[in-house]
């Protein structure tokens with residue numbers, strides 16, 4: 049039993065660890081929208097992760113659950129245990145290079161008591177290291193309460209920007225006049241040469257779009273998960289099911305000659321969390337297709353009522369061109 053109690057109640061919650069959990073179950077779908085979590089903990093994301101990514105890394109599921117006296121799920125921590133290699137036996141968050149923000153899924157109204165760290169160790173029953181990361185600043189309090197230790201700082205940050213209103217005025221200020229004018233000029237030239245249109249990929253076309261995105265990205269990003277069979281299947285899984293649930297969007301910037309660029313990301317309330325960018329630099333490099341498609345997607349997201357565009361983790365210089373603020377990322381180890 050963990051000293052985790054519902055607000056205004058002293059009854060503890062039963063904590064268990066299991067190697068099997070259905071993230072598409074009714075109990076998890078009830079918990080997720082009523083918990084402090086991010087889109088990276090959505091049922092569609094975690095289902096696809098354990099189906100595609102975990103087996104490819106020879107990592108078995110280790111899911112910690114917490115239920116109240118009525119058996120209602122109130123807490124969940126998705127982990128994996130490495131089965132082979134130098135990290136054999138170690139336990140870490142279900143990230144494995146694809147999850148940008150890791151956090152426990154804790155129902156609102158639940159508090160974590162001071163003895164949580166020891167109980168967490170007891171329930172997991174391991175003596176090897178536990179690694180939790182990357183952790184966004186917004187989730188530090190949850191992990192501190194659960195683990196009872198302080199984090200270390202990672203050597204990369206997360207980058208996001210909050211829109212002003214109206215969007216075009218915000219864009220004029222934040223992109224700087226010369227950058228905005230340059231993008232507008234290139235967009236006009238590309239449109240004149242062969243048309244230019246941003247569109248959401250039609251349901252059922254997600255695989256075709258992500259295969260094209262994979263080919264555009266080939267050789268450009270070391271360790272790119274999209275270049276692996278399991279990585280492609282993972283993103284296709286999330287994109288396909290996420291299009292139906294509202295979790296994911298796949299955008300295509302196209303000319304009459306075909307796709308110019310793709311952007312794939314997650315919808316998280318009023319925030320769009322951009323994950324993948326792919327451009328046909330062979331045909332369109334002179335038009336700055338990466339900047340063009342991001343500019344178009346940001347405008348579309350603002351038009352849909354979005355207020356935050358999150359470029360997620362990584363300190364690539366181009367993010368500063370869009371007016372992003374940097375947030376330090378962290379990691380916990382036991």
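Residue numbers (my numbering): 49 to 382. Glycine is no exception: its CB is placed at the ideal position from the N, C-alpha and C atoms.
query	result
Is DSSP giving residue 120 helix, strand or coil here?	coil
Hey, residue 126 and residue 80: beta-carbon distance below 9 angstroms or not?	no
Put residue 278 into one of helix, strand or coil per three-state DSSP.	helix
Can you tell me which of the three DSSP states residue 365 falls into?	coil
Rounded to the nearest angstrom, what separates residue 226 and residue 293 at their Cα positions?	39 angstroms
If you drop the 5 nearest sequence neighbours on each side, which residues of the same chain put their C-beta closer than 6 angstroms to that of residue 289?	92
Residue 156 to residue 284, Cα distance in whole Å?	31 angstroms
Identify, in the order they occur along the chain, each residue of the same chain with its Cβ nearer than 8 angstroms to the Cβ of residue 102, setting aside the five sequence neighbours on each side.	108, 109, 128, 142 and 144
Helix or strand or just coil, what does DSSP make of residue 288?	helix
Which two residues bound the contiguous alpha helix (DSSP H) that contains residue 189?	188-195
Indicate the three-state DSSP secondary structure (helix, strand or coil) for residue 146 in the structure shown.	coil
Alpha carbons only, please: which of 382, 189, 134 and 100 is nearest the one belonging to residue 151?	189
Helix, strand or coil for residue 154 per DSSP?	strand
State buried or exposed for residue 66, treating a residue as buried only when at least 16 other CB atoms are found within 10 Å of its CB.	exposed
Between the Cα of residue 376 and those of 88, 84, 148 and 123, spot the shortest distance and give me the residue it belongs to.	148
In the DSSP assignment, find the alpha helix (DSSP H) that holds residue 256 and state where it starts and stops.	254-265
By the 10 Å Cβ neighbour count, where 16 or more other Cβ atoms means buried, how is residue 82 classified, buried or exposed?	exposed
Which value, in whole angstroms, describes the spacing of the CA atoms of residue 122 and residue 70?	15 angstroms
Could you work out which residue in 341, 206, 230 and 287 is closest to residue 368 when comparing CA atoms only?	206
Work out the CA separation of residue 353 and residue 346 for me, nearest whole Å.	11 angstroms
So what does DSSP say about residue 324, is it helix, strand or coil?	strand
What residues are listed by DSSP as bridge partners for residue 179?	140 and 381
Tell me the residue span of the alpha helix (DSSP H) that contains residue 251.	Per DSSP, residue 251 belongs to no alpha helix (DSSP H) and is neither H nor E.
Whole angstroms are fine: how far does the CA of residue 77 sit from the CA of residue 159?	21 angstroms
Which stretch, first to last residue, makes up the beta strand (DSSP E) that contains residue 310?	306-316
Helix, strand or coil for residue 268? Go by DSSP, reduced to three states.	coil
Return the chain-ordered list of same chain residues with a C-beta closer than 6 angstroms to the C-beta of residue 55, the five sequence neighbours on each side being excluded.	Note that residue 55 has pLDDT 46, beneath the 50 cutoff, so the model's placement of it is unreliable and no number is given.
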